Each structure stands twice: as structure tokens, then as C-alpha cells.
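What follows is a set of notes on a single structure, which appears directly below.
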Amino acid sequence: MSNYASIEKIFILDGGEAHVDDGSIYSPGLNVGVPMTLSCNAYLVRHREGWFLWDTGTQDDLVSEPIGRIIAHGIRGTVRRTLEAQLAELGVAPGQIGTIAISHAHYDHVGNCRLFRKAKWIAQKAEYEAMFGPNPEEFGYSPELYETMRQNEVELVEGDHDVFGDGAVRLIFTPGHTLGHCSLLIRLPETGSVLLSGDVAHNRENFRLRRVPAFNADKSASVASMEKVDALLRAERATMWINHDTAESKLLPHAPAAIL
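For the sequence shown, my numbering begins at 6 and goes up steadily by one.
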């Protein structure tokens, strides 16, 4: 039982799937030529101060393209259910989301940013500068997906950050996959501490063996971030939910079920 009564619950939203023909992009030298499907989730948190959204999934308009579309790094994105429809099922309108943060700016995490124009965006400074710098495509970013975020209220942070100031939701700075990549530590009332991985690792085995994807921005920073997360998991006695580990994701209850 957590002491952080300010968190009521979390919903895991289906943010689409990512499909690759060659799984070795996530583990160089292994799974060469092996097709893989990765889960993509977004996470809706009910805090006593309002709704908080972590990541926004793959862009909703792909729901009209059954085979999806190759968007970046040869990765094909598909969407079965729109994020907007899942929020509606929970009785939450996009305009009711008060605060938003993203792990990083790849398409499957920022795909629906345009829905949340009223939300305060807590942004890691290094990621913000890469997103709106001179060469976002260099990092595999699609600026049209998040361009509207320029108009959001923005709070730039550097390093770890306490989102609500009560210790219940904390950005954990885990650079390497991208320059400003973050994970999220959330202290749930019954489940206890949970670490939402972002893309600090794409599956449990890669995390355990400290494997770094070929397209990560900084290999040494990636390994250091995995070490940081590992230490945090032990210190907090936390569970890690690995966003892209399809087998693990299937074991967790998704919206409309809530996790307390």
C-alpha cells in the first residue's frame, strides 16, 4: 500500500503497434531478419489535481489504413483503436487532460499530441531542443505530429522532475535512446511503485543484457540509463512496465480497466 494517496488510478491505453521486418535494429547481431511486433501504449493517470497523460501513442488517422504506414527507421505503425475513442469510453475529453509529458518524440509516443492543446506540457529541455531544432529528422522525428505543442503551456525541466510536487509522479531522466529521453516513476495507491520504461529498453531481455538499439542517439548514455533504472527499481521495490514488450503488455489490464 502506497502512502501517495494523491494518485487514484492509471489506465493503460492502446497506442497502436510497431512492426519491423528485421528485429536486429533493437538488438544488433541478434534476430537478424526476424519480423517483430512491438506494443505501443499511452498511460492516463488520475491525480487529485486532474488528469495526466504519459505519451500519446501512434497517430489516430492510421486507423483508416489497415496495413499501416512506414513512418521512421523502417518501422510500420498500425492503429486498431483510436486514442480519442478510448478516452471517450472512459468519459474523458482531450480538453480535460490538464498535464502531459512524453518519454521522447518518436512517432509512436507523440502521434496524438495535437489532441491535447489545452494541456500543460512538462518537457525535458534536451528533447525539446532536438524536437524544435534545425534538424529534427536527424533523430527520426516527424515534426508535423507535434508542431502544435509550440502553442501549449510549456514547463522546461532538466534531469529528474517531480511532476506534481508531492512525489507521486516523477520524470526520470534516462537519455540515450534520444538526447532527452525520460522514463516515469508513478506511485500507485495499491500496486505501489511502477516505472514506465519509455524506450529505455524495448524488451525485458534487452534490458537485462544492456543491449542498445542501432538507432539510439548515444550508446554509453543508453547503458548508463539502464543502470540508473535498475538501481531505482531496487531502491523503490518498483515494478517496470516495458512499453514495447508485447508479451508483457498483454499480461497487464488495459482500459477500460483501471489499475489502482
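Note that CB positions come from ideal geometry on N, CA and C, so glycine has one too.
Fair warning: this is a prediction, and the values are worked out from it, not measured in the lab.
Tell me which residue opens and which closes the alpha helix (DSSP H) that residue i is part of.
| i | result |
| --- | --- |
| F169 | Note, F169: premise wrong, no alpha helix (DSSP H); not H, not E. |
| D235 | K224 to E241 |
| A128 | It is not in any alpha helix (DSSP H) - A128 instead sits in the beta strand (DSSP E) that spans K125 to Q129. |
| F144 | Segment: none, F144 is in no alpha helix (DSSP H) and carries neither H nor E. |
| V25 | Note, V25: premise wrong, no alpha helix (DSSP H); beta strand (DSSP E) at I12 to V25. |
Quick one, which of the options has its alpha-carbon nearest residue i's?
| i | options | result |
| --- | --- | --- |
| D65 | V84, R51 and M41 | V84 |
| F16 | R175, V159 and L193 | L193 |
| Q101 | K125, E70 and H109 | K125 |
| G181 | V217, V37 and A226 | A226 |
| L150 | A77, A90, I191 and F212 | A77 |
| F212 | T244, D171, P99 and V228 | V228 |
| I75 | D223, V174, Y146 and L49 | Y146 |
| I266 | A98, D60, A93 and H114 | Look at the range of the chain in this structure, 6 to 265, and you will see that residue 266 is not part of it. |
| H111 | F144, E134 and Y133 | F144 |
| K130 | R119, L176 and G116 | L176 |
| E163 | E132, D171, G55 and G170 | E132 |
| T196 | R209, E241, V68 and D204 | E241 |
| R209 | Y48, T251 and Q156 | T251 |
| D19 | A10, G172, L92 and H166 | L92 |
| Q156 | F137, H166, G172 and D171 | F137 |
| D204 | K255, G170, H109 and G38 | H109 |
Just to check my reading of the structure: residue i and residue j have Cβ atoms closer than 8 angstroms, yes? What is that Cβ distance to the nearest angstrom?
| i | j | result |
| --- | --- | --- |
| L201 | L189 | 4 angstroms |
| T179 | V234 | 6 angstroms |
Can the beta-carbon of residue i be found less than 7 angstroms from the beta-carbon of residue j?
| i | j | result |
| --- | --- | --- |
| V168 | I80 | no |
| I30 | A219 | yes |
| K4 | A263 | The displayed coordinates of the chain run from 6 to 265. Any statement about residue 4 would go beyond what the structure contains. |
| H186 | L43 | no |
| N46 | L88 | no |
| E158 | I127 | no |
| G28 | M41 | yes |
| G103 | W56 | yes |
| P99 | L120 | yes |
Indicate, with yes or no, if the ligand FAD has a heavy atom lying under 6 angstroms from the CB of residue i.
| i | result |
| --- | --- |
| P99 | By its list of ligands, the structure shown contains no ligand whatsoever, and the ligand FAD lies outside what it can speak to. |
In the DSSP assignment, find the unbroken beta strand (DSSP E) run with residue i in it and report its ends.
| i | result |
| --- | --- |
| R192 | C187 to L193 |
| Y48 | M41 to H52 |
| T104 | I102 to A106 |
| S29 | Where S29 is concerned, there is no enclosing beta strand (DSSP E), given that its DSSP letter is neither H nor E. |
Kindly list the residues whose CB is nearer than 6 angstroms to the CB of residue i, restricted to its own chain and excluding five residues on each side of it in sequence; keep chain order.
| i | result |
| --- | --- |
| L296 | Here the chain covers residues 6 to 265 and nothing more, so residue 296 does not appear. |
| M6 | Because M6 sits at a pLDDT of 42, beneath the cut-off of 50, its placement in the model cannot be relied upon, and the following sentence gives the value as read from the coordinates. Cβ neighbours of M6 beyond the five flanking positions: none. |
| T244 | V199 |
| I191 | V174 and V199 |
For residue i, I'd like the list of residues in its chain whose CB is within less than 8 angstroms of its CB, leaving aside the five on either flank, ordered along the chain.
| i | result |
| --- | --- |
| L257 | I17, W246 and I264 |
Go through its chain and collect everything with a Cβ distance to residue i's Cβ below 7 angstroms, but skip five positions before and after it.
| i | result |
| --- | --- |
| E22 | T42, L43, S44, C45 and T83 |
| A206 | F212, M231 and I247 |
| N221 | G181, H182 and S227 |
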